[in-house]
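**Q**
In UniProt numbering, the protein residues as written are 1 to 133.
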């Protein structure tokens, strides 16, 4: 179980880093990732709202809000940025916290894959649904 959770965490981190690389044009280091998060937090109302919900332990509600926002306006890239950072943020939560919030770690990878797919980044090679079989 621990290995599986670590694998998922590494995959989420790699995907987030790769997407940010595509956005900024160079391989991000931790400082760049933090700067991207700070800039997005200060300029992206959706991401600010999602972070507030995360801090209240309302991860499922935050995820629903994210996808409602995407359904409303697919051309709004702020929802994509908010989604990438949302999944990065909850990926950093401990397994215990995720259990407490009733949000399986596998759902982080599924949600990240889904938002990437919606915005044209196909991550089909990461088959989380068949990972446990």
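Just so you know, even glycine gets a beta-carbon here, dropped at the ideal spot from N, CA and C.
1) Taking three-plus beta-carbon pairs below 8 Å as touching, is the region 76-93 in contact with the region 43-51?
2) To test your reading of the DSSP string, which unbroken alpha helix (DSSP H) runs of 4 or more residues are found completely within the region 51-99?
3) Answer with buried or exposed for residue 56, where buried requires no fewer than 16 other C-beta atoms within 10 angstroms of its C-beta.
4) Decide if residue 77 is buried, meaning its Cβ has at least 16 other Cβ atoms within 10 Å, or exposed.
5) Please list, in chain order, all residues of the same chain as residue 54 whose beta carbon is under 7 Å from its beta carbon, the five residues on each side excluded.
6) Within 10 angstroms of the Cβ of residue 10, are there 16 or more other Cβ atoms? Answer buried if so, exposed if not.
7) Skipping 5 residues on each side, what residues in its chain have a beta carbon closer than 7 Å to that of residue 22?
8) What's the C-alpha gap between residue 111 and residue 95?
9) Using the three-state DSSP reduction, which class does residue 37 fall into: helix, strand or coil?
**A** Concretely, from the data shown:
1) yes
2) 59-72, 77-91
3) For the purposes of this step, residue 56 is taken as residue 56 along the chain shown, with counting starting at 1. Exposed.
4) For the purposes of this step, residue 77 is taken as residue 77 along the chain shown, with counting starting at 1. By the 10 Å Cβ count, residue 77 comes out exposed.
5) For the purposes of this step, residue 54 is identified with residue 54 of the chain shown, where counting begins at 1. Only 62, 89, 90 meet the Cβ criterion.
6) Locating residue 10 in the chain shown gives position 10, where the first residue counts as 1. Answer is exposed; the Cβ neighbour count stays below 16.
7) Mapped onto the chain shown, residue 22 falls at position 22. Result list for residue 22: empty, nothing under 7 Å.
8) Residue numbering aside, residue 111 sits at position 111 when the chain shown is read from its first letter. Residue numbering aside, residue 95 sits at position 95 when the chain shown is read from its first letter. Looking at the two C-alpha atoms, the distance is approximately 17 Å.
9) Position 37 of the chain shown, counted from the first residue, corresponds to residue 37. Residue state, collapsed to three classes: helix.
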